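Following: one structure in structure tokens, then a few remarks.
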Amino acid sequence: MPVELPETIERSTGEAPGWSVIWLHGLGADGNDFVPIVPELLRPEWPAIRFVFPHAPVRAVTINGGARMRAWYDIRDMDLSNRADAEGVDQSIAQVGALIAREGERGVPPARVFLAGFSQGGAIALAAGIRRREPLAGLIALSTYLPLGAATLQPLTAQARTQPIFMAHGLHDPVVPYTGGKRSRDALRDAGFDVDWHAWPMAHQVCAEEIGALSAWMSRRFAQG
Numbered sequence: 660m661p662v663e664l665p666e667t668i669e670r671s672t673g674e675a676p677g678w679s680v681i682w683l684h685g686l687g688a689d690g691n692d693f694v695p696i697v698p699e700l701l702r703p704e705w706p707a708i709r710f711v712f713p714h715a716p717v718r719a720v721t722i723n724g725g726a727r728m729r730a731w732y733d734i735r736d737m738d739l740s741n742r743a744d745a746e747g748v749d750q751s752i753a754q755v756g757a758l759i760a761r762e763g764e765r766g767v768p769p770a771r772v773f774l775a776g777f778s779q780g781g782a783i784a785l786a787a788g789i790r791r792r793e794p795l796a797g798l799i800a801l802s803t804y805l806p807l808g809a810a811t812l813q814p815l816t817a818q819a820r821t822q823p824i825f826m827a828h829g830l831h832d833p834v835v836p837y838t839g840g841k842r843s844r845d846a847l848r849d850a851g852f853d854v855d856w857h858a859w860p861m862a863h864q865v866c867a868e869e870i871g872a873l874s875a876w877m878s879r880r881f882a883q884g
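With our numbering, the residue at position 88 of the sequence shown is 747, and numbering never jumps.
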């Protein structure tokens with residue numbers, strides 16, 4: 660069945676962008692959440708980029724008493740091993756795949772698409788990225804974890820493992836504990852991924868140092884691409 664594309668907000672940094680960044684927001688937010696990061700992230704030498712900020716669908720979220728809000732999947736439990744519902748994760752992975760395919764139709768191949776996300780959006784970015792057969796330019800996972808545990812890492816292709824991953828986490832994160840993010844980092848490295856890992860003394864948030872480190876990491880990807 661055809662996958663319905665989510666609504667998006669887009670920002671382009673120049674004419675005819677040759678690269679794209681698809682950025683997934685966290686629970687209860689929407690695509691507007693990370694739009695302000697664009698000018699903080701950019702560097703003058705970068706090529707023209709299209710930033711795509713999709714809105715997650717509205718669904719009932721169990722841990723919030725069944726309240727309906729934008730979410731990439733239902734959160735059933737605060738325990739990371741049982742937090743994400745598999746059906747919701749799979750639906751969101753399919754939507755991300757459709758967004759990547761649309762970028763291809765607009766002239767940006769997967770090898771020039773970054774998939775990024777924060778918190779719940781970062782979980783989907785990881786799950787969608789590591790299942791790919793056509794590798795992306797890179798995966799960006801902020802304050803997040805691997806959903807569905809070891810099942811997310813099965814099966815993996817050799818092409819998927821070529822995707823570099825940038826991960827960052829707060830040492831004092833009360834939502835996705837630092838130890839959970841670190842375990843996900845270790846699982847990805849054990850599976851053969853190149854993970855550039857950073858941690859800062861912050862809570863469940865993004866800091867200026869993190870944006871600077873991400874910008875430097877992306878610059879290296881652009882240089883290689």
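Virtual Cβ for every residue (Gly too), placed ideally from N, Cα, C. These numbers come from a predicted model, not from an experiment.
{"Check": "C-alpha distance - Asn741 paired with Gly780, whole-angstrom precision", "Outcome": "17 Å"}
{"Check": "Residues of its chain near Ser671, where Cβ-Cβ distance is below 8 Å and the 5 sequence neighbours each way are ignored", "Outcome": "Ala707, Ile708, Arg709, Phe710"}
{"Check": "Val748 in three-state terms, based on DSSP", "Outcome": "helix"}
{"Check": "Exposed unless 16 or more other CB atoms sit within 10 angstroms - verdict on Thr811", "Outcome": "buried"}
{"Check": "Contact check, His828 vs Gly840, beta carbons under 8 Å", "Outcome": "yes"}
{"Check": "For Pro716 and Ala775, the rounded distance between their alpha carbons", "Outcome": "17 Å"}
{"Check": "Best match in Val694, Ala796, Leu700, Met877 for proximity to His714 [C-alpha to C-alpha]", "Outcome": "Val694"}
{"Check": "Segment limits, beta strand (DSSP E) that includes Arg670", "Outcome": "667-671"}
{"Check": "Closest residue to Val662 among Val772, Ile752, Cys866 (Cα-Cα distance)", "Outcome": "Ile752"}
{"Check": "Stretch pair the segment 727-747 + the segment 757-766: three plus CB contacts closer than 8 Å", "Outcome": "no"}
{"Check": "8 Å Cβ cutoff met for Trp731 and Ile783", "Outcome": "yes"}
{"Check": "Residue environment, Met737, which counts as buried when at least 16 other CB atoms sit within 10 Å", "Outcome": "exposed"}
{"Check": "Ser778 (DSSP reduced to helix, strand or coil)", "Outcome": "coil"}
{"Check": "Local Cβ density within 10 Å of Gln754, reported as buried at 16 or more and exposed below that", "Outcome": "buried"}
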